[in-house]
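The numbering used here puts the first residue of the sequence shown at 51, with every later residue one more than the last. The beta carbon of each residue, even a glycine, is placed where N, CA and C say it ideally should be. Small disclaimer: the values here were computed from a predicted structure and weren't measured.
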Amino acid sequence: MVEVAVSLLGRDAAGEIFFCRAIMRKTIAIWLTVVLALVSLTIRLLAAEQPALSPLPPSNIHSVESTAFQPEPPGDRVKCTVRNVMEWMPAVVSKDVYKVAPGDVLSVIVSGKANLNYVARPDAGQGTSPDEITVSPAGDIYLPLVGKISVVGKTVPEIEDSIRTRLCEYIREFQVSVAISKIHTVNVWITGEVENPGPQMLPAVASVSLAALQADIKPTGSTRRIVLTRKGVRYTVDLYKMSITGDIEGDMPLEPGDVIHVPAVSEYVEISGEVVRPGKYEMVSKSGSSDMTVHDLVELALGLTPAAMKERGFIERISEGGTKEAVYVNLADPNDNPHLQVGDRLVVPSISSYQPMIWLVGEFTGEGVYQRTPGSTVVDIENKSGIYFLKQGQTVLDVISATGGVTPQADLKRARIERRENGVLQSIPVDLERLLIRGDKTADVVLKNGDSIILPAVANKVHIFGEVRQPGSFVYSPNRRLVDYLGDAGGPTEQSKLTDVSIVRVSEGSKPTIVKLNAKAAIRGQSAEGNPILEPGDIVYVPSKFISSWRDATQMIFTSLSLITLFRRL
């Protein structure tokens, strides 16, 4: 518990309580430390991110010619970040929705014109630090001047209102801030194909899927038949299907005493060829056949690519006699939807295996699918609509010349070719500025069947957020400096910390870089230092002298994450 000592300022002895500000230095220091750690972790995760293996949307397509690629299990893709999610849980839980329960740890700050100092006391029900309060088993907390307050079943704003109502009887002109420092835990058991079986203490807001992933599902473990046993009743959770459909209705919140079992994968089918995520997929069945159909499997593989020859799909199947047979399927016909058997392999052929082609994606004046065959001429290309024939050995320059050129918005320095060889997606940079503007033909590249030429638009915005009066995105102009763009954003606020401004710069093919600088002197016009020329796509963050709440911290983190992710996708 905390004991509040109220200092009365002034020389009058009339008994009126004067008001000073309450400074919770230790709490703010802890928050700042955690926020900086989260920002650092966010950047490291983004920097370690590998290029997406899935084809781009229809406007950004490429051909997949090899079926050798096997996707990693969905558990492997996300389990490495589950522990981070658990650690960030108090920060990401909505304070307007989450209802406080016994065992939760709250941080209470009263600030304003009253000088309130919190001092821990043995009977105060304190939390993990002297500045925190643990909700008692009865569901209440105790504060000096306020007394005992019931908080169980209340949201953070409701608790703040209760404290504010009580304090109004004693002091004036103050603010109350309550934050959830730690969520109470529940004890569950996890068994089966996991690396860490046994009892697990997890935040009460965690779900069955997070608990299973927290225990590290083995490659042999099922992600489609996770079993929850609660008070003698069994429930099945399909983690993989939830991850691709976004339907988390079946992902139940944990309760004390839950038992979660991850069985081994025993039955599977396979899909290869022109689908977004080829590979082996677990069947959810009771015997040798199931209700799983061809279209169900295509959905699990995230659908067909634009290069799929839908009318010529087929199922490879081993018959009861041990011979291999093929069952042809028209994937363009929703009524042609046979059931699958254990061990079946669905093959989706590529159009490019019959008709060689390339794709142009982005800032081209003649975007589309271009087919090439040996012996075709430029005249052949220009006289075609939609499908274009290219002669063997055609290069990037040949294609651009034949199809009408590029748009004024094209970023010539960031063009690239996406090529899949031996099941591996490669990204080959092409300097179109050298090729088209300078006429340097050494920058030209010979195309191969199935190539995608990607030409993004210029990232012609500079993004300013944080402690500025009008945060947002502003049109980039060459040779403009940091101070110029801060002026566009209305200038820094009184709470801005100009000595620690950050600039995040995302360059094609490289990791995001962060430059920290002192812009205080530059803002005042006293020095040119700390006032660099900004580049298109730069992200400027002006921090606050102090972070007042977890909401501010998480807003900063997720704004940075979304902006950086946006420019990495260009």
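Expected contact under 8 Å - CB spacing of residue i and residue j to nearest Å
i	j	result
P306	N237	6 Å
V623	V495	The shown model of the chain, from 51 to 620, leaves out residue 623, and the question about it has no answer.
Y148	T205	7 Å
H390	V326	One detail in the question is off: residue 390 reads as Leu in this sequence, not His. That belief does not hold up - the Cβ atoms of L390 and V326 are roughly 19 Å apart, past 8 Å.
G698	P152	A question about residue 698 goes unanswered here, because the residues of the chain that appear run from 51 up to 620.
P384	T343	Incorrect: roughly 10 Å between the Cβ atoms, too far for contact.
R280	D308	5 Å
N397	G323	Strictly speaking, residue 397 in this sequence is Val, with Asn absent from that position. Confirmed, Cβ separation roughly 5 Å.
V379	D386	6 Å
E219	G162	Not confirmed; about 15 Å, so no contact.
For residue i, the first and last residue of its enclosing alpha helix (DSSP H)
i	result
Q264	V258 to Q264
I294	L289 to T295
A452	V446 to T453
V565	From DSSP, V565 is part of no alpha helix (DSSP H) but of the beta strand (DSSP E) over T563 to L567.
Y535	L532 to D538
K330	Here K330 belongs to no alpha helix (DSSP H); instead the beta strand (DSSP E) covers G329 to E332.
Reference residue i, options the options, closest by Cα
i	options	result
G44	Y378, E223, D550 and P269	As displayed, the chain neither begins before 51 nor continues past 620, which places residue 44 out of reach and without an answer.
L485	N472, K511, A465 and V379	A465
V565	V554, G575 and A265	V554
P399	A452, I467, E361 and I233	E361
S259	H234, Y220, E468 and G300	G300
L447	I209, I467 and I294	I467
I221	A265, V160, P249 and G575	V160
S451	T415, G363 and K463	T415
G580	S546, R531 and T543	R531
V312	D266, D394 and E370	D266
For residue j and residue i, the rounded distance between their alpha carbons
i	j	result
L195	R216	8 Å
D461	A507	5 Å
D154	T286	29 Å
G412	V348	27 Å
V244	I310	11 Å
Y591	D211	33 Å
S272	A314	5 Å
S552	I408	41 Å
K76	G282	Legend: pLDDT at K76 = 42, less than 50; position of this residue unreliable, no value from coordinates given.
E317	N499	36 Å
G372	I240	40 Å
E375	M302	42 Å
D278	I230	In the sequence as presented, Asp is not what sits at residue 278; that position holds Leu. Distance between the alpha carbons of L278 and I230: 28 Å.
L350	Y331	8 Å
I321	P562	36 Å
R284	G197	45 Å
G541	R519	6 Å
G296	L289	10 Å
N510	A382	41 Å
M292	E366	28 Å
A357	L410	13 Å
V132	T445	Below a pLDDT of 50, predicted positions are generally treated as unreliable, and V132, at 46, falls in that range; no measurement from the model is reported.
R488	L482	9 Å
I191	Q225	19 Å
K625	A261	This structure cannot settle anything about residue 625, because the visible part of the chain is limited to 51 through 620.
I368	D346	20 Å
P528	L584	8 Å
G516	T549	14 Å
G454	Q442	20 Å
P593	D341	55 Å
S157	V228	6 Å
T543	S577	20 Å
T235	I209	21 Å
P253	T355	40 Å
Q476	I504	12 Å
V201	A256	21 Å
V186	I199	The question names Val, yet the displayed sequence has Ser at residue 186. S186 and I199: Cα-Cα distance of roughly 11 Å.
D490	Q545	51 Å
V392	G248	32 Å
H513	M333	47 Å
Span of the beta strand (DSSP E) around residue i
i	result
V590	I589 to V592
V348	Per DSSP, V348 belongs to no beta strand (DSSP E); it is in the alpha helix (DSSP H), V344 to L350.
S212	From DSSP, S212 is part of no beta strand (DSSP E) but of the alpha helix (DSSP H) over V206 to L217.
D190	D190 to L193
K198	G197 to S200
K374	K374 to V379
CB contact check: residue i to chain D, cutoff 8 Å
i	result
A452	Among the chains in the structure shown there is no chain D, since it carries only a single protein chain.
- Task: Specify whether the stretch 494-508 and the stretch 566-573 touch according to this definition: at least 3 beta carbon pairs, one from each stretch, less than 8 Å apart.
- Result: These segments do not touch.
- For the stretch 576-593 and the stretch 528-535, state whether three or more C-beta atom pairs, one from each stretch, are separated by less than 8 Å. yes
- Message: Within 8 Å, do at least three Cβ pairs link the stretch 467-478 to the stretch 517-525?
- Response: no
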